[in-house]
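Accompanying notes for the structure given below.
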Amino acid sequence: AKLASVGSSLAPSDDGTKILKRVEWLNDYGGLLQDIDYDKVSSTLESVGIDHAMTILKELEDQREGVRNPTTFILNSARSSWKRAAASDPAPKRLSGAAFPAPDASASKKRSLQTSSAPAPARGGRAQTTQAPATQLEVLNDFMSFLGKSPAVKRQVRLSEIAGAVDALGTARALRVLKEMQERGLGLDDPVSYIKAAAQRHSPGVKKESTGYEEPEEVDDVSKLTSRLTWLNQFAGLSRKIIIDEVVGALYCLGLLQSMSILRGLQERGSDVDDPTRYIKTAVQRANMASVLGEVKDEDAEDEDEAEGDDAGASEEEDAGEEVEQEAEEEAADEDGQWDNVEEEDGWEEPKDELDPAGFEWDEEEKVQTPPTKKSGGSVSSASKLAARDAAKEAAAALAKKRNVPKRVVGALTGYTQLVPTRAQGFTHQRGGVKREPTEAPLEEGEEANVHEEKVKSSRTPQLPVTPQEKMVQVRDYALKNELHLDAGCLKAMARLPFYRAKDMIDDVLLGGRNRQGVQNPSRYLMGAVQKLSMGLGVEQGIAMELAVTLGVVLNNDALDELACIPRKESHAIMRELSKNPEVRSDPLRYIKNEVLKCRAQMDARPFGS
């Protein structure tokens with residue numbers, strides 16, 4: 202700051218100091234494209250007077266967006282005012298020699314030094330009464346007391362926050378900023394953010410504006426959006442901080458232009474928005490809905506254009522059919538011209554044309570072509586006419602058949618003409634909930650079915666449940682069929698599931714897993730999926746568990762699965778024997794597997810159900 206660098210006090214001073222303060226304020230907060238060079242304009246502004254100088258600076262502030270060089274603007278404005286004064290006053294007092302005084306940097310600096318730090322004897326011969334400059338701590342204490350009394354302060358501010366923000370300014374700059382805040386009431390709603398913004402604006406080598414936002418150059422959209430959101434959190438005065446990680450992705454997908462428009466609306470609302478993060482999310486959703494509705498309208502317009510194109514195609518086909526008919530009639534007329542003399546001599550009368558001139562939509566059953574009759578010598582003419590009419594009729598039928606083809610609908614089901622089976626399936630063919638197709642060849646004529654085999658089939662015992670080993674083999678075969686090699690632990694875990702569920706899980710692995718990005722270790726993936734399933738005990742396993750608890754026998758899931766694959770009577774007998782025999786209690790699972798294997802072998806060996 203020039204005022205602090207020349208050592209001037211903060212007390213009210215003469216016109217030169219006022220102009221200097223005004224120029225510095227415009228450089229700091231006026232939003233100018235370039236800073237004003239005070240050394241070039243100081244003598245000019247002082248020469249035109251304080252009132253006219255303030256008027257020129259006010260015009261510069263109002264027209265700041267269109268002024269590229271503020272220094273040149275001030276000099277030109279002062280020069281034009283001198284010209285107007287010279288035109289109105291024939292003998293101006295200030296004009297002597299040159300039309301405009303040249304700026305003198307040394308003179309302006311000397312003048313500012315004289316106005317700010319003049320010696321005491323020049324002011325009436327009194328002793329020097331200049332007070333010693335206040336320390337930064339005293340200034341901060343005075344400023345804190347001012348904030349405590351000011352009604353414009355919206356929240357309580359601690360001394361440590363103000364001190365931390367002032368450290369970035371420096372002593373001289375901090376004194377001037379705090380003085381301006383007390384005199385003009387600037388930034389009292391959030392003093393800490395205001396002081397931080399002042400420090401950031403005057404950081405070395407950086408030119409920043411107070412009311413605008415300057416985007417970094419040559420960066421991607423994510424960096425621009427992140428910088429904009431960070432700026433809003435610091436200087437927009439929002440009621441809450443924006444959670445950048447939750448909104449930057451949605452804003453990036455929406456697009457930079459619409460995202461900046463949403464953030465500009467949030468900046469204009471400021472503290473009126475209770476939750477800025479939710480505001481941004483809602484605005485993004487509305488923008489996406491608007492874009493989706495626009496795409497739907499565009500698709501409807503395209504469908505209408507396609508329908509118009511189909512109608513145009515149909516009309517073109519009708520025109521082509523009419524042209525074919527006209528050509529056929531012309532050929533017939535040319536052939537008839539050769540036989541005109543013969544027809545006149547024989548007195549033959551030509552029958553009327555039976556073709557419909559309006560198009561090809563006629564009823565073939567009602568309008569049957571009858572060959573024309575000639576008295577004599579007309580056989581060649583009638584044959585040519587019939588041939589021409591037959592050709593025209595065939596062409597018209599082909600075009601009509603092409604027009605009457607049903608329009609293809611994308612996604613529709615076509616090609617199925619029979620949706621029911623050719624033969625009924627009886628109850629006996631659906632045993633176990635699975636549809637079974639006949640595997641035996643049909644009996645030929647003269648053969649009789651074997652009644653004894655039918656009786657044997659009806660008297661057999663019902664099919665036994667599948668053992669865990671058999672289910673493990675089924676799962677392994679299905680996995681190998683799809684080129685998946687699963688380890689023993691995975692096969693054992695999947696054998697406890699129903700086969701349809703194990704099959705679905707293997708299909709899920711083949712499709713790429715949960716995220717459809719591929720599975721590197723299928724066995725580990727399937728083991729994790731089985732462990733996540735909350736599978737309870739089956740009916741037979743639950744009954745076996747209750748009996749085992751009653752008898753004091755501890756069984757695991759593998760033992761319960763083994764007992765569930767044999768009839769309940771035999772499984773209960775095995776558990777009672779296990780509870781009574783202390784020798785087999787050392788390895789109950791091995792004993793149960795052996796007994797189940799014996800039981801199933803005996804049941805499979807029985808030819809009849811007795």
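Numbering (the numbering used here), first residue to last: 202 to 811. We put the CB at the ideal spot given by N, CA and C, even for glycine.
Spatially closest choice to VAL683 from LEU665, LEU698, PRO666 and LYS704, by CA coordinates: The question names Val, yet the displayed sequence has Asn at residue 683. Shortest Cα-Cα distance from ASN683 to any of LEU665, LEU698, PRO666 and LYS704 involves LYS704.
Distance, ARG285 Cα to PRO352 Cα: 47 angstroms
Buried/exposed call for ALA760, threshold 16 Cβ in 10 Å: buried
Rounded C-alpha distance that separates PRO669 from ALA696: 6 angstroms
Classification of TYR239 by the beta-carbon crowding that lies within 10 angstroms, buried from 16 upward: With a 10 Å radius around the Cβ and a threshold of 16 neighbouring Cβ atoms, TYR239 comes out buried.
Complete runs of the alpha helix (DSSP H) confined to the stretch 688-720 [at least 4 residues]: 689-696 and 700-711
Straight-line gap, LYS259 to CYS454 (C-alpha atoms, nearest Å): 43 angstroms
Cβ pair count under 8 angstroms reaching 3, the stretch 463-480 against the stretch 426-440: yes
Residue environment, LYS355, which counts as buried when at least 16 other CB atoms sit within 10 Å: Residue environment: LYS355 is assigned as exposed (fewer than 16 neighbouring CB atoms within 10 Å of its CB, all protein chains considered).
Which of helix, strand or coil DSSP assigns to GLU771: helix
Contact set for THR571: own chain, Cβ-Cβ below 6 angstroms, skip 5 residues either direction: Any reading at THR571 must be qualified, since the residue scores a pLDDT of 47, below 50, and its modelled position is unreliable; the value itself is stated next. Around THR571: no qualifying Cβ.
Whether LEU348 touches VAL358 by CB criterion (7 angstroms): yes
Alpha-carbon to alpha-carbon, ASN782 and ILE793: 13 angstroms
Neighbour-count burial assignment, GLU266, 16 or more Cβ in a 10 Å radius: Flag for GLU266 reads exposed.
Same chain, Cβ closer than 6 angstroms to LYS219, five either side skipped, listed in chain order: none
Minimum length 3: unbroken beta strand (DSSP E) runs contained in the stretch 415-501: none
GLU796, buried or exposed, once every other Cβ within 10 Å from all chains shown has been counted against 16: buried
As assigned by DSSP and simplified to three states, the class of THR668: coil
Distance between ALA694 and MET728 (C-alpha atoms, nearest Å): 7 angstroms
Residue burial classification, GLY450 (beta-carbon count within 10 angstroms, cutoff 16): exposed
Nearest-angstrom Cα separation, counted from ALA399 out to ASN342: 20 angstroms
Burial state of MET490, where buried means 16 or more other Cβ atoms lie within 10 Å: exposed
Whole-number beta carbon distance between LEU681 and SER724, since they are thought to touch under 8 angstroms: Incorrect: roughly 13 angstroms between the Cβ atoms, too far for contact.
Contact under 7 angstroms by Cβ, GLN742 with ALA774: no
Distance CB(THR483)-CB(ILE444) smaller than 7 angstroms: no
Sequence-distant residues of the same chain with beta carbon closer than 8 angstroms to PRO789, five excluded per side: VAL754, VAL755, LEU756, ALA760 and LEU779
Close Cβ partners of GLN468 (< 7 angstroms) along its chain, the five nearest in sequence each way excluded: LEU433 and ALA437
Whole-Å CB distance - GLN692 paired with MET673, under 8 angstroms assumed: The sequence as given places Leu at residue 692; Gln does not occur at that position. Between MET673 and LEU692 the Cβ distance is about 5 angstroms, and since that is below 8 angstroms, they are a contact.
Same chain, Cβ closer than 6 angstroms to CYS800, five either side skipped, listed in chain order: ILE767 and GLU771
Beta-carbon proximity check, LEU379 vs PHE344, cutoff 7 angstroms: yes
DSSP state of ALA802 mapped onto helix, strand, coil: Residue state for ALA802 is assigned as helix, using DSSP reduced to three classes.
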